[in-house]
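The next block holds one structure in the form of C-alpha cells; read it before the comments.
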Amino acid sequence: MNRSLDKLKDDEYQGVKELADAAENILRETGPNQEKGTVAEYPNERTIRFYITEGLLPQSMEKRGAASLFGYQHLLALIVIKKLQADGLPISIIRQVISGKSEAELRDLIGESGRNIAEPEAFGTTKDIESVKGIAEEQVPRSLAAKTPEKNTAKEYLEGLLFSRPASAEPQILFSSMPVALQASSAPDFRQNTEQTSNAATWVREEIAPGLEVHIRDDYKPPGGYRETSRLLAKIKQILRR
Amino acid sequence: MYEARRPSMTTKPNIEILTERSKLIAGTPQTVDVLIRLTPPDIETSGSIRPKLNIGVALDRSGSMAGPKMNQAREAAKYCVDQLLSTDIFSAVIFDDQVDVLFTSQRAADKAMLKRGLDRIEARNSTALHEGWVKTGLQVSEQLDRDAVNRILLITDGQANVGETNIDRIVSQAKETAARGVSTTTIGIGADFNEDLLMPMAEAGQGNAWHVQEPQDMLKIFETELHGLVKQFGHTVRLNIRPAEGSRVIDVVNDFETDGAGAHILPNMIAGSPLEVVVRLDVSGNTSGERLATFDISFVRQETGLAESLSAVFASEFVGREIVEALPENVDVVRAVQLLMNARARREAMSQLDAGNFDAARATMHAAVGSTQVLFSMTPSPQLRAELDDLTSVEGSLCSRQNDAMSRKQMAYGREARRKGR
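Chains as they are written, first to last, in this note's numbering: chain C, 1 to 242; chain P, 243 to 664.
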C-alpha cells in the first residue's frame with residue numbers, strides 16, 4: 001500500500017468525488033476491512049462533507065473554479081478514518097486519534113501494507129488503544145451495537161421466508177395431546193386426504209397464552225363482520241370466567 | 243453548485259427537559275412528569291443532500307380494491323415515482339392470491355414507463371399479503387444501500403387470507419427484516435383491513451402506520467411518508483433512563499416498546515420535528531441541584547450510518563410547597579401529558595369495544611373529550627383543537643354504532659399518532 005500511496009503524493013483532487021474515488025481505490029487494494037458490514041467500506045461525497053464539518057478532515061486547500069481542492073493529507077486522513085471505522089471506533093474517538101497528525105504520522109497510522117491499523121502499535125502505545133476502546137464502548141450502547149444490521153442479510157432472510165412453509169401447516173403441531181374424540185378423527189395421511197368430511201377433519205392446536213389453547217378445525221371459517229367477532233370473543237370470555 | 247454550500251447537518255439533536263412547574267417541593271416525596279423534547283436539527287432537503295431512497299411498493303390488487311381505492315392507490319404510487327430522483331431506486335409488487343413483480347428493483351430514471359406500468363394494475367382476487375410483502379422486501383434488498391432509506395410501502399384494504407396469516411409471525415418477520423436494514427410502512431385503506439396486523443407490523447418494521455379513511459386521502463399520506471423519508475435524520479433511536487438513588491421511574495407515558503436490553507424504542511428522528519416523551523418519576527424531597535435522573539438517547543445518524551449518543555441530566559431546585567404552587571404551569575408539559583392520556587383512553591375504549599362493552603367505550607371517550615375541553619378553554623391551540631375534533635368524532639361514531647370497525651381504526655391510529663407525536 002505504501003508504494004501506491006507514494007505515487008499519489010503530489011496528486012490533487014478537484015471536488016469531493018475525486019477524493020472519494022482515490023480513497024476507494026486505495027482501500028480496495030487492502031481488501032475487506034471489516035468482518036461485519038456495519039459501516040460503508042468506502043467513503044462517498046456525503047460522508048466526506050460530514051467528516052469536514054465534524055472536523056475529522058481539514059477544510060479544502062483552496063477553490064478551483066466551483067470545486068474544492070484536496071490533497072495528499074486529505075487522502076491519508078480519509079483512509080485512516082475508514083480503517084478506524086471498520087474497526088468499530090466512533091467518530092468522536094477517531095477525531096482524537098487523528099487530530100493534529102502530520103502526513104508522516106498519518107502514514108504511520110496506515111502502517112505497512114497488510115498490517116491492521118487497529119493493532120496497538122499503530123497508535124504508538126498499548127495504553128493509547130486501551131483508553132480509546134474504553135471510551136468507544138462507553139459511547140456506543142451495547143443494545144444499539146447489537147442491533148446494527150449486518151451486511152445485506154435482508155435478502156437471504158426474505159428468501160428463507162419465501163421458501164419456508166407457513167408454520168400453521170406443519171404436521172408436528174397437529175393432534176399432540178389432543179382429546180381422544182379428536183384424535184380418533186385424525187387420519188395419518190391428512191395432507192393427501194384434503195377433501196375430508198367434518199367426521200374426518202383435521203384440527204390445529206394454537207396456544208393463545210400459557211395454559212390456554214384453541215383447537216380449530218381446518219374447515220372452520222372465522223366470522224367476517226365485526227359484530228360476529230365481538231360476539232365470539234364475548235363467548236370465549238364467558239367460558240374463561242367459569 | 244453544491245460544493246459552495248455548507249452542509250447543514252453539523253449540529254446534534256437538541257434535548258430539552260421540562261416539568262410542569264420549574265421547581266419541586268422540598269422535604270416530601272412526590273411524583274413528577276418530566277417532558278423530554280428531542281429536536282433533530284432541520285436540514286435542507288433539496289438537491290443531493292437528501293438521503294437516497296430505495297422504495298418498494300407492495301400494492302394489494304384484490305377484488306375489494308376495485309373502484310376508487312385502486313384508482314387512488316395507482317395515483318399515489320405514480321406520485322411516489324414522480325418524487326424520486328433518477329438516482330433513487332424503485333420497485334413494485336402487486337398481489338392478490340397471486341404475487342407478481344411489476345417492476346424489479348431499478349433506478350427511477352424512466353418515470354413515464356414506470357407510471358404506464360402502474361396504470362395497468364387491475365383489482366382481482368383474494369389477498370396474499372404476506373407473500374406480497376416478502377417479495378417486495380426481496381426487491382428492495384436486491385439493492386440494499388446503507389446510505390439510503392430502504393423501505394417497503396405495503397398498501398392494502400384487506401386481511402391476509404392466503405399463505406402465512408399468523409400475525410405474530412408476520413410482525414416478527416417485519417422486525418427481523420428491519421434489523422437487516424429494510425423497514426416497512428403500512429397503509430391500510432377503508433374499514434376492512436386488520437389494524438392489529440398492519441400497526442404492529444409497521445412498529446416492528448421501524449416504519450409508519452397510516453390509515454386512509456377515504457381514497458382521496460391517499461395522496462396526502464404518500465406526501466407525508468415521502469417527506470418523512472427525505473428528512474429522516476436518524477433511526478434505531480433508543481432511550482435509556484438512569485434514575486439517581488432515591489428516584490424511581492414509574493411510567494413512560496408514551497408506552498413505547500422496549501428492546502431486549504430494556505431501552506425504550508423511539509420513532510425515527512425527522513429533521514426539524516420534535517419528539518416529546520413524558521417520563522413519570524417518583525423523587526424524594528432531594529437536595530437542590532442534585533441529579534435526579536439521566537436520559538441517554540442513542541441513534542444511528544442517517545447521513546453517516548454511525549451510532550451516536552447524547553445525554554441530558556434532570557436536576558431541580560427544591561423549595562417550599564407554597565412557592566411551587568404559586569409558580570406558573572408549563573403549558574407544553576400539561577398539553578403533552580393530556581395528549582398521551584388521551585392516547586391511553588383510546589386504547590382502553592378499543593379494549594372495551596372488543597369486549598362488546600359499548601357503553602363503557604363511549605364513557606371513556608366522553609371523559610377524554612371533557613378533560614381536553616377544559617384544557618383547551620384554558621390554553622387554546624390548533625393542536626388541541628384538532629385533538630378535540632378527533633375525539634368528538636370518535637365519540638359520535640361510537641354513539642351512532644354505524645361503523646364500529648371504522649371507530650376502532652380511528653382510535654387505533656389516533657393513539658399511534660399521539661404516542662409518537664405525529
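Think of the CB as a built atom: it goes at the ideal place given N, C-alpha and C, for glycine as much as any other residue.
Going by DSSP in three states, residue i sits in which element: helix, strand or coil?
| i | result |
| --- | --- |
| P/Val575 | helix |
| C/Asp218 | coil |
| C/Tyr42 | coil |
| C/Pro223 | coil |
| C/Asp11 | coil |
| C/Lys63 | strand |
| C/Thr30 | coil |
| C/Glu137 | Unreliable positioning characterises C/Glu137 in this predicted model, as indicated by a pLDDT of 33, which lies under 50. A coordinate reading is not provided. |
| P/Arg643 | coil |
| C/Thr229 | helix |
| P/Val495 | coil |
| C/Thr153 | coil |
| P/Thr253 | coil |
| P/Thr621 | coil |
State yes or no: is the beta carbon of residue i nearer than 7 Å to at least one beta carbon in chain C?
| i | result |
| --- | --- |
| P/Glu545 | yes |
| P/Gly423 | yes |
| P/Thr419 | yes |
| P/Gln652 | no |
| P/Met243 | Unreliable placement is indicated for P/Met243, whose pLDDT of 24 sits below 50; no coordinate value is reported for it. |
| P/Ser649 | no |
| P/Gly289 | Here P/Gly289 scores only 39 on pLDDT, less than 50, and its place in the model is too uncertain to base an answer on. |
| P/Gln415 | yes |
| P/Gly298 | no |
| P/Arg589 | no |
| P/Ser383 | yes |
| P/Gly668 | With chain P covering 243 to 664 only, the question about residue 668 of chain P has no answer from this structure. |
| P/Leu380 | yes |
| P/Gly598 | yes |
| P/Val519 | no |
Is there a Cβ of chain P sitting closer than 7 Å to that of residue i, yes or no?
| i | result |
| --- | --- |
| C/Ala20 | no |
| C/Tyr157 | yes |
| C/Phe50 | yes |
| C/Thr30 | no |
| C/Ile208 | no |
| C/Arg95 | no |
| C/Asn152 | yes |
| C/Ala23 | no |
| C/Ala104 | no |
| C/Ala40 | yes |
| C/Ala234 | yes |
| C/Ile91 | yes |
| C/Leu162 | yes |
| C/Phe46 | Sequence check: residue 46 of chain C is Arg here, not Phe. At least one chain P Cβ lies under 7 Å of C/Arg46. |
| C/Gly134 | Here C/Gly134 scores only 32 on pLDDT, less than 50, and its place in the model should not be relied on; the value that follows carries that caveat. It does not: the Cβ of C/Gly134 has no partner Cβ on chain P nearer than 7 Å. |
Can you round the beta-carbon distance between residue i and residue j to whole angstroms, since I take them to be within the 8 Å contact cut?
| i | j | result |
| --- | --- | --- |
| C/Leu56 | C/Arg95 | 5 Å |
| P/Ala444 | P/Thr466 | About 14 Å separates the two Cβ atoms, so there is no contact after all. |
| P/Gly400 | P/Ser306 | 6 Å |
| P/Ile431 | P/Val479 | That belief does not hold up - the Cβ atoms of P/Ile431 and P/Val479 are roughly 29 Å apart, past 8 Å. |
| P/Lys377 | P/Val341 | 5 Å |
| P/Ala300 | P/Val335 | 5 Å |
Looking only at DSSP bridge pairs, what is residue i linked to?
| i | result |
| --- | --- |
| P/Leu517 | P/Leu280 |
| P/Arg543 | P/Gly476 |
| P/Glu550 | P/Phe541 |
| P/Lys265 | P/Glu559 |
| P/Ile259 | P/Ile278 |
| P/Gln272 | P/Val525 |
| P/Pro485 | P/Ala535 |
| C/Ser68 | C/Lys63 |
| P/His453 | P/Gly430 |
| C/Ala22 | Bridge partners of C/Ala22: none, in fact. |
| P/Met511 | P/Gly476 |
| P/Asp459 | Answer is none; P/Asp459 lacks a bridge partner. |
| C/Ala209 | C/Leu212 |
| P/His506 | P/Leu481, P/Thr500 |
| C/Arg95 | Partner(s): none; C/Arg95 has no beta bridge. |
| P/Gln448 | P/Thr426 |
Complete runs of the alpha helix (DSSP H) confined to the region 365-444 of chain P [at least 4 residues]: 371-384, 409-421
Entirely enclosed alpha helix (DSSP H) segments - the region 291-379 of chain P, minimum 4 residues: 310-325, 353-361
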